[in-house]
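In our numbering, the protein residues as written are 50 to 318. Glycine included, each C-beta is placed from N, C-alpha and C at the ideal position. Computed from a predicted structure; not experimentally measured. One structure is given here, and the rest of the page talks about it.
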Amino acid sequence: MLESDDGESLDASIRKPPLQNERPTSMVVEILVQSCAMEDSSFSMMMTPKLVITSIIVTVISIMIRLAYVIYQSSKPLKNLAQQPFSTLIVLGSGGHTAEMLNLISILKKDRFTPRTYVAASTDNMSLQKARVLETSLVDQTDDEKVTKAIQFMQIYRSREVGQSYLTSVGTTLFAICHALLLMIKIRPQVIICNGPGTCIPLCVIAFLFKVAGIRWSSIFYVESIARVKRLSLSGLLLYKLRIADQFFVQWPQLQLKYPRTHYVGCLM
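Structure representation (structure tokens):
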């Protein structure tokens, strides 16, 4: 071992730097890991709102494209329909609505629109009774028991009764919509025929939403009441403006001129 003049070894004279001035490799690695983690966290925080916004935009665009497709397909004329029966939902209303609808049903090809389901408001006791009389007469003419089994009569809660306050009608409207949804799931009609009663609105809206969602494609045929000469009824106006009805028929030529997407078919009464 080499020694210096004062007797101390050279190895001993070579001193390491103070421990507090050291930066061990493990500490450096830990700092780098923490730095990367902080960068990843800040990057994720920046990306999360962007991903949410992008997802919302893509969803909205997809819904709009599907909505445009449904409206376009619904507005096309019905051609080359398969020669097979269509399950049909017929919406009845109090007063003249039922009389007009039953008169229309009596001239339809019954074998094409079967099975048939008649729906009326829960407070309307006469409409379904008149529909039963009509169907009984049709069975007597055809003498077909299968036709009788293919006919159903159902009631639906009304959104608002005559004279009911608008405040309380909010709850009854929501209840009526839920009931209409259950009926549409149960019936699953291919064709809906209506002519103006407010009862048809929740049913037609749900049928339209089913088309948009791809659940069930129900063709909605709306026949405006013969009593409407100069303007559409409120129900008809809603279905016309919102493009919910696939085919919209009027019985006066001036209505067809005022509402160009309607079809004039003459007086059906």
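For residue i and residue j, I'd like the C-alpha separation in whole angstroms.
i, j, result
"Ala-169", "Ile-120", "27 Å"
"Ile-321", "Ile-250", "As shown, the chain starts at 50 and ends at 318. That puts residue 321 outside it, with no answer to give."
"Ile-236", "Leu-141", "16 Å"
"Leu-281", "Thr-97", "49 Å"
"Val-101", "Ile-114", "20 Å"
"Ser-143", "Thr-103", "49 Å"
"Ser-186", "Ser-155", "10 Å"
"Tyr-289", "Thr-311", "8 Å"
"Phe-259", "Pro-246", "21 Å"
"Gln-15", "Lys-99", "Because the chain is modelled from 50 through 318, residue 15 falls outside the range shown and cannot be assessed."
"Leu-286", "Lys-158", "28 Å"
"Ile-293", "Met-175", "28 Å"
"Glu-184", "Tyr-271", "21 Å"
"Gly-263", "Thr-108", "15 Å"
"Leu-151", "Asp-160", "16 Å"
"Cys-243", "Ile-105", "36 Å"
"Ile-255", "Pro-302", "30 Å"
"Thr-248", "Ala-117", "26 Å"
"Gly-220", "Cys-253", "20 Å"
"Leu-177", "Tyr-167", "7 Å"
"Gln-213", "Met-233", "26 Å"
Quick check on the DSSP output: the alpha helix (DSSP H) that includes residue i runs from which residue to which?
i, result
"Ala-262", "249 to 262"
"Thr-147", "145 to 155"
"Leu-288", "283 to 290"
"Gln-305", "302 to 307"
Find out if the Cβ-Cβ distance for the pair residue i, residue j is shorter than 8 Å.
i, j, result
"Gln-300", "Cys-316", "yes"
"Thr-137", "Arg-181", "no"
"Ile-269", "Ile-241", "yes"
"Gly-145", "Ser-284", "no"
"Phe-162", "Phe-135", "yes"
"Arg-277", "Leu-304", "yes"
"Ser-267", "Pro-309", "no"
"Ser-208", "Thr-222", "yes"
I need the DSSP call for residue i, collapsed to helix, strand or coil.
i, result
"Leu-230", "helix"
"Leu-317", "coil"
"Phe-224", "helix"
"Gln-133", "coil"
"Leu-141", "coil"
"Gln-296", "strand"
"Glu-71", "In this predicted model, Glu-71 has a pLDDT of only 49, less than 50, meaning its place in the structure is not dependable; the value taken from the coordinates is given anyway. In the structure shown, Glu-71 sits in coil (DSSP, three-state: anything other than H, G, I, E or B)."
Using the beta-carbon count (16 or more within 10 Å), is residue i buried or exposed?
i, result
"Tyr-313", "exposed"
"Thr-147", "buried"
"Leu-231", "exposed"
"Phe-257", "buried"
Kindly indicate the opening and closing residues of the beta strand (DSSP E) around residue i.
i, result
"Arg-165", "165 to 170"
"Ser-268", "268 to 272"
"Phe-202", "200 to 205"
"Ile-242", "240 to 243"
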